[in-house]
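Visitor: Here you go, one structure.
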Amino acid sequence: MRFKRPREQEAILTIAPLIDMVFLLLVFFLVTYHFDLASGVPIQLPKVAAKNFDEVREKVTVLIDKSGQLYLKGSKLDLPALRAELKGIVQKEGAVSLVLQADKEVSHGIVVEVMDAAKTSGVRAIIIAAQWRPDKLL
1 MRFKRPREQE AILTIAPLID MVFLLLVFFL VTYHFDLASG VPIQLPKVAA KNFDEVREKV
61 TVLIDKSGQL YLKGSKLDLP ALRAELKGIV QKEGAVSLVL QADKEVSHGI VVEVMDAAKT
121 SGVRAIIIAA QWRPDKLL
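If you're matching positions, the sequence shown starts at 1 in my numbering and goes up one per residue.
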């Protein structure tokens with residue numbers, strides 16, 4: 001007696017479960033997406049006619065030593081003289097950025113006073129210099 005061998009069925013990949021999973025992921029992402037409108041209050045910002053701040057032509061370096069003494073281009077200055085010098089440089093050069101190099105022992109108040117003097121003189125950007133220590137990375 002001859003027995004029939006059962007035919008081996010071909011593996012069929014159905015696409016229905018795949019479509020179900022795609023729709024579930026789509027619904028999940030739509031539900032969990034966070035639409036961020038700044039504070040929820042719609043505002044229109046005013047238009048200004050100002051120079052492009054990216055066009056900084058000159059960088060001016062101000063040094064503050066441990067005792068709080070200010071230096072600009074190698075000469076000692078007090079705060080009113082620094083403000084006048086910076087105003088002159090801004091009028092002459094246009095857009096200027098200030099590189100502020102302060103000793104780590106200097107009082108925070110002196111640094112803030114120099115930053116305020118720079119901003120009132122018309123300096124476009126203030127860059128605070130720091131020494132990079134790769135061993136202190138997070």
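For every residue, glycine included, the Cβ atom is placed at its ideal position computed from N, Cα and C. This one's a predicted model, so the numbers in the text were calculated from it and none came from an experiment.
(1) Measuring alpha carbon to alpha carbon, tell me which residue in 70, 67 and 62 is nearest residue 127.
(2) Report the three-state DSSP secondary structure of residue 82 (helix, strand or coil).
(3) So residue 124 and residue 97 are supposed to be a Cβ contact under 8 Å. How far apart are they, rounded?
(4) Please list the terminal residues of the continuous alpha helix (DSSP H) segment that includes residue 18.
(5) If residue 118 and residue 86 are in contact, beta carbons under 8 Å, what's the gap, nearest whole angstrom?
(6) For residue 87, name the three-state secondary structure that DSSP assigns.
(7) Would you mind working out which of 103, 113, 101 and 4 sits nearest residue 78, comparing C-alpha positions?
(8) Hey, how far is the Cα of residue 80 from the Cα of residue 33?
(9) Just curious, the beta strand (DSSP E) that residue 119 is in, first and last residue?
(10) Is DSSP giving residue 92 helix, strand or coil here?
(11) Would you please state the rounded distance, in angstroms, between the beta carbons of residue 111 and residue 59? I believe it to be under 8 Å.
(12) By the 10 Å Cβ neighbour count, where 16 or more other Cβ atoms means buried, how is residue 75 classified, buried or exposed?
(13) Measure the CB-CB distance between residue 116 and residue 65 and report whether it falls below 9 Å.
(14) Based on the DSSP secondary-structure assignment, which residues constitute the bridge partners of residue 63?
Guide: On the basis of the data shown:
(1) Walking along the sequence shown from the start, residue 127 turns up at place 127. Among 70, 67 and 62, the Cα nearest to that of residue 127 belongs to 62.
(2) Walking along the sequence shown from the start, residue 82 turns up at place 82. Helix at residue 82.
(3) Counted from its first residue, the sequence shown places residue 124 at position 124. Counted from its first residue, the sequence shown places residue 97 at position 97. Cβ atoms of residue 124 and residue 97 come within 8 Å of each other, at about 6 Å.
(4) Taking the sequence shown and counting its residues from 1, one reaches residue 18 at position 18. For residue 18, the enclosing alpha helix (DSSP H) starts and ends at 16 to 32.
(5) Locating residue 118 in the sequence shown gives position 118, where the first residue counts as 1. Locating residue 86 in the sequence shown gives position 86, where the first residue counts as 1. Confirmed, Cβ separation roughly 6 Å.
(6) Residue 87 sits at position 87 when you count from the first residue of the sequence shown. DSSP places residue 87 in helix when its eight states are reduced to three.
(7) As a first step, residue 78 is located in the sequence shown; it is residue number 78 there, counting from the start. Ranking the options by Cα distance to residue 78, first place goes to 113.
(8) Within the sequence shown, residue 80 is the residue found at index 80, counting from 1. Within the sequence shown, residue 33 is the residue found at index 33, counting from 1. One C-alpha to the other measures close to 53 Å.
(9) Taking the first residue of the sequence shown as 1, we reach residue 119 at position 119. Per DSSP, residue 119 lies in no beta strand (DSSP E); the unbroken alpha helix (DSSP H) holding it starts and ends at 108 to 121.
(10) Locating residue 92 in the sequence shown gives position 92, where the first residue counts as 1. Reduced to three states, the DSSP call for residue 92 is helix.
(11) For the purposes of this step, residue 111 is identified with residue 111 of the sequence shown, where counting begins at 1. For the purposes of this step, residue 59 is identified with residue 59 of the sequence shown, where counting begins at 1. Actually they are not in contact, since the Cβ atoms of residue 111 and residue 59 sit about 18 Å apart, beyond 8 Å.
(12) In the sequence shown, the residue the question calls residue 75 occupies position 75. Under this definition residue 75 is an exposed residue.
(13) The sequence position of residue 116 within the sequence shown is 116, counting from 1. The sequence position of residue 65 within the sequence shown is 65, counting from 1. No; because the gap between Cβ atoms is not below 9 Å, this pair is not in contact.
(14) By one-based count along the sequence shown, residue 63 stands at place 63. 71 and 101, per the DSSP bridge assignment.
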